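Structure record follows, encoded as structure tokens.
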Amino acid sequence: MVATNSQQYLEFDLKRYLAAQQAQVEAALARSIDVVYPEKIYEAMRYSLMAGGKRLRPILCLATCQLIGGTTAMAMSTACALEMIHTMSLIHDDLPAMDNDDFRRGKPTNHKVYGEDIAILAGDGLLAYAFEFIAAQTQDVPADRVLQVIAKLGRAVGAAGLVGGQVVDLECEGRSDVTVDTLTYIHRHKTGALLEAAVVCGAILAGANEGDRQRLSEYAQNIGLAFQIIDDVLDITATQEELGKTAGKDLQAQKATYPSFWGIEESKRQADQLVNEAKANLAAYGESAYPLMALADYITARKN
Ligand code: GRG
72 MVATNSQQYL
82 EFDLKRYLAA
92 QQAQVEAALA
102 RSIDVVYPEK
112 IYEAMRYSLM
122 AGGKRLRPIL
132 CLATCQLIGG
142 TTAMAMSTAC
152 ALEMIHTMSL
162 IHDDLPAMDN
172 DDFRRGKPTN
182 HKVYGEDIAI
192 LAGDGLLAYA
202 FEFIAAQTQD
212 VPADRVLQVI
222 AKLGRAVGAA
232 GLVGGQVVDL
242 ECEGRSDVTV
252 DTLTYIHRHK
262 TGALLEAAVV
272 CGAILAGANE
282 GDRQRLSEYA
292 QNIGLAFQII
302 DDVLDITATQ
312 EELGKTAGKD
322 LQAQKATYPS
332 FWGIEESKRQ
342 ADQLVNEAKA
352 NLAAYGESAY
362 PLMALADYIT
372 ARKN
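Quick note on the working numbering: the sequence shown kicks off at 72 and runs consecutively.
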């Protein structure tokens, strides 16, 4: 590992990097699901999976795998699976029984197009297929690493991760006594768990040692929380067109958010601090970490 001047990564062309990585991920996702009988469910799964989005989780997984010395090919199946899981969580989150949203990624939500029954099943189909896809499609990676990835992702998705975060979020709805600690629990699980899994799975696939995994996990936890703080800020400051989903929903639902505790400026400052801590976790990796450093900055600079 080689330490470099801490500001040199600013010359890294993130825009070009993101465009190239996004193109590879889009192509792999497009190939991942065929439409066969019963066509309706495959179409519903593809509708949300191919609706755009930043593809941040797959890109983090690929970038981390490369940082540790692995290849894109080793991590692409897991990268696609991460996007399948993320997409299914969005489909279920948008359902009338949850957040009841009409727009996602600039398009009508899955249940608005296919109905609630098919939207639930499209989410279930994507979740199951994600794990099948990793097990059946990962190549040139020792089987014990693939097993570790499946275990890590299973934990990130279930009651110890996304599902647990969503349950506490639902329990807090309409309550005025929500604390910052509870809000942080929600977001570390709802949002942070899958971002952390994306980073750590990339490291596992490349054969990272325990020290690397720990450092990268801390990097991911910091950007995960920063990501959600900025999400809360954007809900107030961005338009529906910029977000691709209904803006101002948190205020409307009187939800506890970071800006509701700290105000917008202090929320941004806290997010910046977390991003700086995340980048400090990468200091020892030298130039190989430029993509992950630049991605950390992108978390706070993004407009959607
Ligand atoms: C996972 C089994 C299982 C069920 C789902 C509904 C639910 C349980 C969890 C909610 C998870 C959720 C929707 C968290 C919010 C995460 C978040 C900040 C989404 C926005 O992510 P972006 O900005 O979106 O990366 P794009 O569209 O760019 O991919």
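From the three backbone atoms N, C-alpha and C, an ideal C-beta is built for every residue, glycine too. Model, not experiment: these values are computed from the prediction.
Query, Result
"When you compare each of R126, K320 and L276 to A90 by their alpha carbons, which one comes out closest?", "R126"
"Please say whether A277 and I139 have beta carbons closer to each other than 8 angstroms?", "yes"
"I'd like to confirm the pairing. Which residues does DSSP put opposite R175 in its beta bridges?", "K178"
"Is the region 106-115 touching the region 264-275, taking contact as three or more C-beta pairs under 8 angstroms?", "no"
"Is A274 closer than 8 angstroms to L287 when the C-beta atoms are compared?", "yes"
"With contact counted as at least three CB pairs below 8 angstroms, one residue from each stretch, are the region 93-112 and the region 163-171 in contact?", "no"
"Is it the case that the CB of S160 approaches a heavy atom of the ligand GRG more closely than 7 angstroms?", "yes"
"Please report how far the alpha carbon of Q323 lies from the alpha carbon of R246, in whole angstroms.", "14 angstroms"
"Specify the secondary structure class of A168 as computed by DSSP and reduced to three states.", "coil"
"Along the chain, where does the alpha helix (DSSP H) that runs through H258 open and close?", "V251 to H258"
"Please determine if the region 287-305 and the region 218-236 are in contact, where contact requires at least 3 C-beta pairs separated by less than 8 angstroms.", "no"
"Quick check: G177 and G315, are their CB atoms within less than 8 angstroms of each other?", "yes"
"For the ligand GRG, any of its heavy atoms closer than 7 angstroms to the Cβ of H163?", "yes"
"Using a Cβ-Cβ cutoff of less than 6 angstroms, which residues in the same chain neighbour V73 once the five nearest sequence positions on both sides are dropped?", "Confidence in V73 is poor, its pLDDT being 45 and thus under 50, which makes the residue's placement unreliable; the coordinate value appears in the next sentence. Only G357 meet the Cβ criterion."
"I'd like to know whether the C-beta atoms of A152 and C136 end up nearer to each other than 8 angstroms.", "no"
"Classify F83 as helix, strand or coil using the three-state DSSP reduction.", "coil"
"What is the DSSP secondary structure of Y369, counted as helix, strand or coil?", "helix"
"Just checking R176 against the ligand GRG - is the residue's beta carbon closer than 7 angstroms to any of the ligand's heavy atoms?", "yes"
"For D343 and A351, I'd like the C-alpha separation in whole angstroms.", "12 angstroms"
"Is K125 near the ligand GRG, with its Cβ less than 7 angstroms from a heavy atom?", "yes"
"Starting from K285 and walking both ways along the alpha helix (DSSP H), at which residues does that stretch end?", "One point to set straight first is that residue 285 is Gln, not Lys, in the sequence displayed. Q285 -> alpha helix (DSSP H) spans E281 to T308."
"Compute the Euclidean distance between the alpha carbons of Q219 and A291, then round it to the nearest angstrom.", "18 angstroms"
"Within 10 angstroms of its Cβ, does P330 collect 16 or more other Cβ (buried), or is it exposed?", "buried"
"Compute the distance between the beta-carbons of A327 and C243, then report whether it is under 8 angstroms.", "yes"
"Return yes when at least one heavy atom of the ligand GRG lies under 7 angstroms from the C-beta of T262, else no.", "yes"
"Is D306 near the ligand GRG, in the sense that its beta carbon is under 7 angstroms from a heavy atom of that ligand?", "no"
"Within this structure, are the beta carbons of T262 and F298 separated by less than 8 angstroms?", "yes"
"Short of 6 angstroms in beta carbon distance, which residues of its chain neighbour A201, apart from the five on each side in sequence? Order them along the chain.", "A152, M155 and I156"
"Are there any heavy atoms of the ligand GRG lying less than 7 angstroms away from the beta-carbon of M155, as far as the coordinates show?", "no"
"Confirm, please, whether the CB-CB distance from L192 to M159 is below 8 angstroms.", "no"
"Is P109 helix, strand or coil by DSSP?", "coil"
"So what's D248 in DSSP terms, helix, strand or just coil?", "coil"
"Note down the Cα distance separating A214 from A309, rounded to an integer number of angstroms.", "44 angstroms"
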